[in-house]
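Okay, so here's the structure we're looking at.
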Amino acid sequence: MEVRGDGTKKVLRGALGAAAIIASIAFFSMGTPEDTHTEPPTFLQKAIEQEPVSESPFAIRGVPIEIEIVDTLSTREQGLSGRTTLGEREGMLFVFETAEVYRFWMKDMMFPLDIIWIGEDWRVVDITHNALPTSYPATFAPQTPARYVLEVPAGTAKRESFAIGDEVTRIIRTGP
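The opening position of the sequence shown corresponds to residue 8 in this note's numbering, with each subsequent residue numbered one higher.
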């Protein structure tokens, strides 16, 4: 019986050792999912690291806006849904890979927004004023393709006199 027990122990030890090696390989070869990315995109990070020109790394026509950047599918889908407020000069910047006519809705929103559509050339291409939470399931889209979309509290665009053609600054431009 001891011989069989020793043999069983050796097989068990070997199996456990192999399982540990396989588990280690699997663990260390796993990549981090894109949706857990918390750093801003490289071009935004470079802008933030530069010597500041204003209080905020983001501004429209020189008006600073503190932004939260959402650049993954899951964070873009969530957006501001479920939040109860957004500060006067705060916004959420949606970053897309290409300029297109993206459609936005007000699902689960608790306050109205201005939606500022920004082209690849970092100029405002359209503005949707006072998008209401009660408008869901209707969607909002720009007249011209946009690569970036900024959501700010309703009334911000009018109060600050934002207009189509206004320049967005403090973000390093990439591409042409």
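For every residue, glycine included, the Cβ atom is placed at its ideal position computed from N, Cα and C.
Terminal residues of the beta strand (DSSP E) in which residue i lies
i: R154; result: A153 to P160
i: T135; result: V131 to A138
Local Cβ density within 10 Å of residue i, reported as buried at 16 or more and exposed below that
i: R166; result: exposed
i: E158; result: buried
i: S117; result: It should be noted that the sequence gives Met, not Ser, for residue 117. Per the 10 Å Cβ criterion, exposed.
i: T91; result: exposed
i: R130; result: exposed
i: T176; result: buried
i: L100; result: buried
i: A153; result: buried
7 Å CB neighbourhood of residue i in its chain, flanking five on each side removed
i: A164; result: D121, I123, I134 and H136
i: P119; result: N137, A138, L139, P140 and A161
i: A106; result: G126, E127, P152, A153 and R154
Beta-carbon contacts of residue i that lie in its chain and below 8 Å, excluding the five residues immediately before and after
i: E97; result: I72, E73, I74, E75, V159 and P160
Continuous alpha helix (DSSP H) stretch holding residue i: start and end
i: E104; result: Looking at the DSSP string, E104 is not in any alpha helix (DSSP H); the run it does join, the beta strand (DSSP E), is E97 to E107.
i: E167; result: Unbroken run through E167: none, as it is neither H nor E.
Spatial distance of residue i from residue j (CA atoms)
i: V102; j: Y109; result: 11 Å
i: E95; j: V70; result: 12 Å
i: V156; j: Q150; result: 13 Å
i: D173; j: G89; result: 30 Å
i: S168; j: R83; result: 27 Å
Close-in-space but distant-in-sequence residues of the same chain around residue i (CB under 6 Å, 5 per side omitted)
i: W112; result: Y143 and T146
i: G86; result: none
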